[in-house]
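Enquirer: So that we are looking at the same thing, I have put the structure below in structure tokens.
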């Protein structure tokens with residue numbers, strides 16, 4: 003009996019070691035894709051109305067290979083989630099993030115306040131660095147939003163202010179450009195719902211901003227395939243982040259990593275927490291590479307990711323069969339690519355293929 007227990011313990015230890023080693027290697031690769039976390043429109047010239055790469059160019063052999071790897075990793079993560087190893091990982095995360103979960107609302111309010119005060123201090127920015135404005139009303143509104151976060155009672159007013167800024171950005175830059183940033187509407191919804199102590203048709207405030215973050219990053223990843231050339235000057239300036247891959251392959255890989263992790267944010271409890279932790283590593287490492295502009299611009303998404311990592315809720319209804327994950331990822335990828343290319347063609351009269 004004791005020999006059997008010993009063999010089981012050794013087998014379990016080996017399994018944990020192999021799994022941890024694989025995760026560590028994958029994380030190392032992900033952390034090298036810092037450009038995936040640095041919004042290229044903040045650092046390089048771009049033409050949002052320009053002709054994107056045709057889908058026949060995007061859907062190449064490298065893309066298919068990367069998608070296959072992504073499907074395998076996502077499926078494996080879903081399988082592990084309901085095992086003893088998954089429970090061990092969840093408990094470890096819980097111990098590490100317990101105090102953070104208790105202060106999620108405070109973190110969100112503090113970091114959002116920092117974000118809007120920073121925008122006011124820099125000046126001439128609506129919501130993100132490339133959304134420039136000369137309006138004299140934007141700066142005071144940003145200060146009012148930050149002040150409203152000091153009290154739960156006035157958080158809905160701050161949420162309304164964020165919605166006004168988003169509407170101004172849509173007016174000045176168009177709906178397609180602002181499709182990059184639904185996370186701001188998610189943050190506004192979180193602040194309003196939290197201030198009012200309500201859910202959105204049974205969806206909690208944190209889940210609302212989580213879904214908005216997922217959509218934001220899935221949409222942004224399409225640009226890495228549609229306009230990889232926007233990032234090439236950045237890759238020349240920071241050659242180390244390509245890990246030795248050529249620029250074309252690197253951009254395809256960065257887009258697939260970002261899309262897969264973004265989709266995972268909308269999936270089951272442990273999968274989304276691990277995905278959020280990986281994305282968090284990407285965004286934080288990008289801050290060291292690209293400086294204070296990246297810190298300010300991504301502070302809101304960083305605090306949202308911390309909140310997702312710290313979310314210990316594990317309702318049985320949140321779990322799904324592992325085989326649904328690859329199907330869901332393929333469906334999300336198809337819908338997002340279709341919406342991006344068809345929407346761009348309809349608005350800017352570009353071609354799809």
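Residue numbers (the numbering used here): 3 to 355. Don't be surprised by glycine CBs; every beta carbon is placed ideally from N, CA and C. Computed from a predicted structure; not experimentally measured.
For residue 139, does the three-state DSSP call read helix, strand or coil?
Expert: Coil at residue 139, not helix or strand.
Enquirer: With a Cβ-Cβ cutoff of 9 Å, do residue 174 and residue 135 count as a contact?
Expert: Result yes, Cβ atoms of residue 174 and residue 135 sit closer than 9 Å.
Enquirer: Which first and last residues belong to the alpha helix (DSSP H) in which residue 286 is found?
Expert: Unbroken alpha helix (DSSP H) run through residue 286: 271-292.
Enquirer: Cβ atoms of residue 51 and residue 353: under 9 Å apart, would you say?
Expert: No, the pair does not count as a contact, with Cβ atoms beyond the cut-off.
Enquirer: On a Cα-Cα basis, can you pick out the residue from 87, 180, 149 that is closest to residue 345?
Expert: Residue 180 is the option with its Cα nearest to residue 345.
Enquirer: I need the DSSP call for residue 134, collapsed to helix, strand or coil.
Expert: Three-state DSSP puts residue 134 in a strand.
Enquirer: Helix or strand or just coil, what does DSSP make of residue 208?
Expert: If DSSP states are grouped into helix, strand and coil, residue 208 belongs with the helices.
Enquirer: Starting from residue 75 and walking both ways along the alpha helix (DSSP H), at which residues does that stretch end?
Expert: 63-83 is the extent of the alpha helix (DSSP H) around residue 75.
Enquirer: Determine the direct distance from the alpha carbon of residue 55 to that of residue 36, and round the result to whole angstroms.
Expert: Note that residue 36 has pLDDT 48, beneath the 50 cutoff, so the model's placement of it is unreliable and the number below is only indicative. Whole-angstrom Cα-Cα distance: 22 Å.
Enquirer: So, helix, strand or coil for residue 127, using DSSP?
Expert: Residue state, collapsed to three classes: strand.
Enquirer: In chain order, what residues of the same chain lie with their CB nearer than 6 Å to the CB of residue 177, ignoring the 5 residues before and after it?
Expert: Around residue 177: no qualifying Cβ.
Enquirer: Could you give the DSSP three-state label for residue 33: helix, strand or coil?
Expert: For residue 33, the pLDDT reaches just 41, beneath the cut-off of 50, and the residue's location in the model is therefore unreliable, although a value from the coordinates is still provided. Residue state, collapsed to three classes: helix.
Enquirer: Cβ atoms of residue 300 and residue 288: under 9 Å apart, would you say?
Expert: Contact flag set, yes.
Enquirer: Nearest to residue 47 by alpha carbon, out of 295, 348, 229, 332?
Expert: Considering only alpha carbons, the answer is 229.
Enquirer: Nearest to residue 208 by CA position, among 311, 219, 226, is which residue?
Expert: Out of 311, 219, 226, 311 has the C-alpha closest to the C-alpha of residue 208.
Enquirer: Taking only the alpha-carbon atoms, compute the straight-line gap between residue 90 and residue 316 and give it to the nearest angstrom.
Expert: Straight-line Cα distance between these residues: approximately 14 Å.
Enquirer: Taking a contact to mean a Cβ-Cβ separation below 9 Å, would you say residue 256 touches residue 223 in this structure?
Expert: Yes, Cβ-Cβ distance for residue 256 and residue 223 is below 9 Å.
Enquirer: Give a yes or no on contact between the segment 261-275 and the segment 233-242, applying the rule of three or more CB pairs nearer than 8 Å.
Expert: The answer is no - the segment 233-242 does not touch the segment 261-275, with fewer than three Cβ pairs under 8 Å.
Enquirer: Exposed or buried, what is residue 201 when buried is set at 16 or more other beta-carbons lying within 10 Å of its beta-carbon?
Expert: When all chains shown are included, residue 201 counts as exposed.
Enquirer: Quick one: what's got a C-beta closer than 7 Å to residue 27's C-beta in the same chain, skipping five residues either side?
Expert: Note on residue 27: pLDDT 44, under 50, position unreliable in the model; no value is reported.
Enquirer: What would DSSP say about residue 170, mapped onto helix, strand or coil?
Expert: Three-state DSSP puts residue 170 in a helix.
Enquirer: Three-state secondary structure (DSSP) at residue 202?
Expert: It is a strand residue.
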